[in-house]
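Protein chains: 2
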Amino acid sequence: MKVIKNQSLPDKLACEGSLKNVIDALYVLNGKWKLALILSLVQSSKRFNELQHEVVGISSKVLAKELKDLELNDFIKRQVYPTTPVSIIYEATNYSETLKDVLAGLSAWGKQHREKVKESMRKQY
Amino acid sequence: MKVIKNQSLPDKLACEGSLKNVIDALYVLNGKWKLALILSLVQSSKRFNELQHEVVGISSKVLAKELKDLELNDFIKRQVYPTTPVSIIYEATNYSETLKDVLAGLSAWGKQHREKVKESMRKQY
Chain A
145 MKVIKNQSLP DKLACEGSLK NVIDALYVLN GKWKLALILS LVQSSKRFNE LQHEVVGISS
205 KVLAKELKDL ELNDFIKRQV YPTTPVSIIY EATNYSETLK DVLAGLSAWG KQHREKVKES
265 MRKQY
Chain B
145 MKVIKNQSLP DKLACEGSLK NVIDALYVLN GKWKLALILS LVQSSKRFNE LQHEVVGISS
205 KVLAKELKDL ELNDFIKRQV YPTTPVSIIY EATNYSETLK DVLAGLSAWG KQHREKVKES
265 MRKQY
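These protein sequence lines map, in sequence, to chains A and B. Quick note: the first sequence, position 71, residue 215 per our numbering, numbers continuous. Quick note: the second sequence, position 84, residue 228 per our numbering, numbers continuous.
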């Protein structure tokens, strides 16, 4: 049952390779938090506690794991500054900036999705 | 430690609301498979087995759960056709099409990311 039902799709999405690309992208960006953490650090470098405060809903255990993953994959750097006590600051790398288009698309979509959810709740009650 | 370090960011990404938008988007699109499944069904409607074959790496248990989630959130429809035996076909809804920009961005990024990984493996060996 392989019927291309939407002829208005951009060619790049309709082609076979695009599904493989998206699977590969999600493999490294998996989970509910990585893109949000990358955006927060692209906006400005932050300490662990600042990140936890800004990315609402993440536990400290999960945050620590996600930061390690992101560092391993070259999206962020953990900088240790020799102040007293030492300051540990997380910074986005240049590679994180390659995700700007994805983040902008996701932000625009998240905004309209929130409006849609609000609208449907208004109708329900 | 709040320093805006990248002045070239588009305004819409730099603003406070964008992080909230991204967190909201990831809340509903969480996990490693949902966007890939949506893309596969936007390309064409499919049976369960066809989906599992195309989205390489997903188990049937996880696929069943993800399809239920996607149906609840209005991204896909499960159509039952009264053939013998009955045909169950999963179809993308119009709402899935609102994710086209996100999917196109993710596809482009996934492609360049794969190139980058290949390149760094070539250097290593």
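Each residue gets a CB set at the ideal place from its N, CA and C atoms; glycine is no exception.
- One alpha carbon belongs to R258/A, the other to I167/A, and they sit about 25 Å apart.
- Per the DSSP secondary-structure output, V224/B pairs in a beta bridge with I232/B.
- For K267/A, the three-state secondary structure derived from DSSP is helix.
- Boundaries of the alpha helix (DSSP H) harbouring L181/A: K178 to Q187, taken from the DSSP string.
- Legend: CB atoms of the stretch 166–178 of chain B lying less than 9 Å from CB atoms of chain A belong to residues V166, I167, D168, A169, L170, Y171, V172, L173, N174, G175, K176, W177 and K178.
- Contact residues of the stretch 236–260 of chain A toward chain B are A236, Y239, E241, T242, L243, K244, D245, V246, L247, A248, G249, L250, S251, A252, W253, G254, K255, Q256, H257, R258 and K260 (C-beta to C-beta distance below 9 Å).
- Non-local C-beta neighbours of S203/A in its own chain, meaning closer than 6 Å and more than five positions away in sequence, are absent.
- Within its own chain, the residues whose Cβ lies closer than 8 Å to the Cβ of D213/B, once the five positions on either side in sequence are excluded, are K178, listed in chain order.
- A Cβ-Cβ distance of about 6 Å is found for the pair L157/A and L247/B, placing them in contact under the 8 Å criterion.
- For A158/A, the chain B residues whose Cβ falls inside 8 Å of its Cβ are Q187, in order along the chain.
- Across the structure, G161/A and V199/B are spaced so that their CA atoms are roughly 12 Å apart.
- Following the DSSP letters along the chain, one finds D168/B inside the alpha helix (DSSP H) bounded by residues E160 to V172.
- In this structure, the alpha-carbon of A236/B lies about 23 Å from that of N165/B.
- Rounded to whole angstroms, the separation of the alpha carbons of E194/B and V230/B is 16 Å.
- Beta-bridge annotation (DSSP): K190/B is paired with Y234/B.
- Taking 8 Å as the upper bound on Cβ-Cβ separation, chain A lies near no residue of the stretch 204–217 of chain B.
- At a beta-carbon threshold of 9 Å, the residues of chain A lying near E198/B are L163, ordered along the chain.
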